[in-house]
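Undergrad:
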Amino acid sequence: MPKPLRVAVLISGRGSNLQALIAAQREGRLPIEIALVASNKVAAQGLRHAEAAGIPTLALDPRSIPDRASYDAELFRRITAYAPDLLVLAGFMRVLDGTVLAPWAGRIINIHPSLLPKYPGLHTHQRAIEAGDHLHGASVHFVTAELDGGPLLACCEIAIQPGDDPDSLAARLLPQEHALLCHCVQWIAEGRVELRDDGVYFDGLPLEHPLRVAAWGSEPVGCP
Ligand code: GAR
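Sequential numbering of the sequence shown, starting at 7, is according to my numbering.
#1: Measuring alpha carbon to alpha carbon, tell me which of 160, 109, 59 ends up nearest residue 206.
#2: Relative to the ligand GAR, is the shortest distance from any of its heavy atoms to the C-beta of residue 17 smaller than 7 Å?
#3: Which of the three DSSP states, helix, strand or coil, is assigned to residue 230?
#4: Taking C-beta to C-beta, are residue 51 and residue 84 nearer than 8 Å?
#5: Give the single residue among 129, 180, 202 whose Cα lies nearest to the Cα of residue 212.
#6: Are there three or more Cβ pairs, one per stretch, closer than 8 Å when the stretch 111-130 is compared with the stretch 33-51?
#7: Considering only the alpha carbon of each residue, which of 172, 92, 149 lies closest to residue 128?
#8: If you draw a straight line from the alpha carbon of residue 214 to that of residue 208, how long is it in whole angstroms?
#9: Okay, do the stretch 84-94 and the stretch 8-18 touch, 3+ Cβ pairs below 8 Å being the bar?
#10: Hey, residue 163 and residue 121: beta-carbon distance below 8 Å or not?
#11: Tell me, please, whether the stretch 129-146 touches the stretch 173-187 by the rule of three or more beta-carbon pairs shorter than 8 Å.
#12: Report the option in 92, 97, 96, 100 whose CA atom is closest to the CA atom of residue 195.
#13: Using the DSSP secondary-structure output, state which residues sit across from residue 133 in a beta bridge.
#14: What is the rounded straight-line gap between the Cα of residue 75 and the Cα of residue 18?
#15: Check residue 88 in the structure and name its three-state DSSP category.
#16: Spatial neighbours of residue 126 within its chain, please: C-beta separation below 8 Å, excluding the five flanking residues on both sides.
#17: Following a CB-centred definition, is residue 20 positioned closer than 7 Å to any heavy atom of the ligand GAR?
#18: Compare the C-alpha of residue 111 against each of 149, 98, 94 and name the closest.
#19: Step through the CB atoms of chain B and report whether any lies within less than 8 Å of the CB of residue 106.
#20: Apply the 10 Å Cβ neighbour rule to residue 134 and answer buried if 16 or more other Cβ atoms are within range, or exposed otherwise.
#21: Any heavy atom of the ligand GAR closer than 7 Å to the Cβ of residue 55?
#22: If you measure from the CB of residue 159, is any heavy atom of the ligand GAR nearer than 7 Å?
What follows is the structure, given as structure tokens:
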């Protein structure tokens with residue numbers, strides 16, 4: 007049996023994506039060990055889920071450190087002490103300094119609630135509705151210094167229905183996000199995904215488009 011991938015999950019709030027990873031790992035569906043859950047919010051609900059699951063936690067309040075670059079350096083110094091193989095940003099609501107990201111190139115992913123490259127940043131559900139879009143979704147991408155701008159690995163799609171508001175859309179998207187993130191972490195843990203200089207490779211072949219994920223456990227659509 008290969009060693010499970012050591013994963014550190016970074017969160018800022020509720021932690022439902024974290025819970026999905028914990029559940030999938032416990033069901034034996036993810037060959038990972040969650041080595042750490044880290045947060046910039048001491049009161050993040052997700053930290054309580056991690057504690058309940060017996061996972062080490064780290065909360066580092068940005069107000070305790072004078073400037074952004076020093077905060078990021080300290081956060082990553084502490085995370086690195088847990089020797090993770092992969093960092094997963096799951097609702098981590100801070101932009102990270104490029105200096106700390108550089109050593110993690112290809113080993114740090116983020117889930118974002120839009121069909122990137124549409125709607126980087128905040129209020130994605132509202133922006134999709136206001137634009138009159140028919141499709142919405144979430145994306146998982148490798149993290150670079152560009153906000154929500156790194157190479158895309160996979161996405162999930164949902165239809166925007168008449169009468170949807172940002173809350174209804176977010177609620178319908180969330181379970182799909184959970185499946186999407188679990189799939190991406192699974193593929194990385196299985197060694198099927200690689201970020202090279204010219205883009206993302208899946209099963210050794212370049213991805214022309216992000217993979218599309220449906221339910222958890224299904225094969226991705228759009229494989230090369
Ligand atoms: C998720 O919807 C995630 O896509 C989003 O925050 C939420 C966290 O929910 N992330 C971003 O907006 C990052 N730009 P959770 O704490 O319940 O997993």
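Glycine included, C-beta positions come from ideal geometry on N, C-alpha and C.
TA: A quick look at the data gives this:
#1: 160
#2: yes
#3: Here residue 230 scores only 38 on pLDDT, less than 50, and its place in the model is too uncertain to base an answer on.
#4: no
#5: 202
#6: no
#7: 172
#8: 10 Å
#9: yes
#10: yes
#11: Because the criterion of three Cβ pairs below 8 Å is met, the stretch 129-146 and the stretch 173-187 touch.
#12: 92
#13: DSSP output for residue 133 lists no bridge partner at all.
#14: 18 Å
#15: Taken through DSSP and simplified to helix, strand or coil, residue 88 comes out as coil.
#16: Excluding positions up to five away in sequence, the list reads 118, 120, 153, 154, 155.
#17: Within the cutoff, so yes.
#18: 149
#19: Note that chain B does not occur in the displayed structure, where there is just one protein chain.
#20: Result: buried.
#21: no
#22: no
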